């Protein structure tokens with residue numbers, strides 16, 4: 008059943024089509040379903056909510072038939088029944104046939120979504136809460152038309168969005184990018200026509216920063232790298248930073264206070280927070 012939720016978002020009933028390992032810590036899963044003909048997005052960092060089965064269950068239990076009232080009913084389900092909800096970024100959307108890709112970060116100890124992704128097989132069902140309107144509030148990458156330099160930072164959770172953004176940048180657009188991953192094997196060749204310089208920061212080569220419950224590390228790598236970076240001259244730069252909430256806030260302060268970039272031209276998104284599960288993060292309002 009497909010039931011519209013608070014427009015422009017709705018539920019999509021999907022199944023796994025195939026999986027592909029991208030590196031020691033990353034796996035790409037392709038999903039398909041008849042509902043995807045209604046999935047629309049013009050964004051490059053489109054946020055989604057994915058619902059996978061609870062441990063030991065074969066189907067994701069979400070009361071989509073309740074329409075706008077699904078949330079509280081889902082929360083009221085027993086822990087061993089309620090589908091696990093996690094936020095992800097769309098990696099790609101294809102037509103004919105309709106498919107989407109979502110990249111997952113794998114880690115130990117594995118959380119429920121990571122454990123599901125590591126074992127996902129073709130045919131496995133999921134629910135997706137995603138956009139039915141191409142321009143929607145879950146798209147954050149919006150550089151002003153006069154942007155003469157794009158600055159991007161992301162950890163592994165933001166890598167899909169950064170990759171999609173780079174693919175979309177026009178030829179000649181100057182961009183400087185910093186990406187943090189857990190393992191050197193997670194470094195990818197990212198396609199772009201833009202004038203781009205990409206710096207990869209590999210955590211297993213540094214061993215710094217506290218270990219988060221989901222296996223991701225955060226610490227001074229990004230800030231140290233950015234403070235020493237020589238940026239090309241630009242009059243109208245645009246900054247997009249996404250990943251661990253605390254790190255994102257530090258980097259925003261760096262760009263606004265130390266680099267003097269107009270705060271209105273800095274987009275920052277906390278995808279996760281050190282020490283909190285996604286459920287705790289939502290309850291805290293973060």
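Numbering (the working numbering), first residue to last: 8 to 293. Ideal Cβ positions, reconstructed from N, Cα and C, are used throughout, including at glycine. Being a predicted model, the structure only gives us computed values, none of them experimental.
Problem - Status (buried if at least 16 other CB within 10 Å, exposed otherwise) for residue 87 - result: exposed
(Q) Check this for me: beta carbons of residue 279 and residue 147, under 9 angstroms apart or not? (A) no
Q: Can you have a look at residue 53 and say buried or exposed, based on whether 16 or more other CB atoms are within 10 angstroms of its CB?
A: buried
| contact_flag[the stretch 229-247, the stretch 262-273] where n(CB pairs < 8 angstroms) is 3 or more | yes
Residues bridged to residue 121 (per DSSP): Answer is none; residue 121 lacks a bridge partner.
Checking the sheet assignment: what are the DSSP bridge partners for residue 183?
158, 204
*What does a CB cutoff of less than 7 angstroms around residue 59 pick up in its chain, not counting 5 residues either side in sequence?*
67, 90, 91, 120, 123, 133
Next item on the list: Whole angstroms is fine: what's the gap from residue 194's alpha carbon to residue 33's?
Entry: 10 angstroms
Checklist entry - Applying the criterion that 16 or more other CB atoms from any shown protein chain within 10 Å of the CB defines a buried residue, is residue 110 buried or exposed? => result buried
* **Residues near residue 143 by beta carbon distance below 6 angstroms, same chain, minus five either side** => 15
Please state whether the Cβ-Cβ distance between residue 31 and residue 189 is less than 9 angstroms. yes
Residue 207 beta carbon less than 9 angstroms from that of residue 186 = yes
Please report how far the alpha carbon of residue 5 lies from the alpha carbon of residue 113, in whole angstroms.
Only positions 8 to 293 of the chain appear in the structure, and residue 5 is not among them; the question remains open.
Problem set entry | Whole-angstrom distance between residue 179 and residue 154, CA atom to CA atom | 12 angstroms
- [ ] Can you say whether residue 22 is buried or exposed, counting buried as having 16 or more other CB atoms within 10 angstroms of its CB?
- [x] exposed
### Cα-Cα separation, residue 40 to residue 100
12 angstroms
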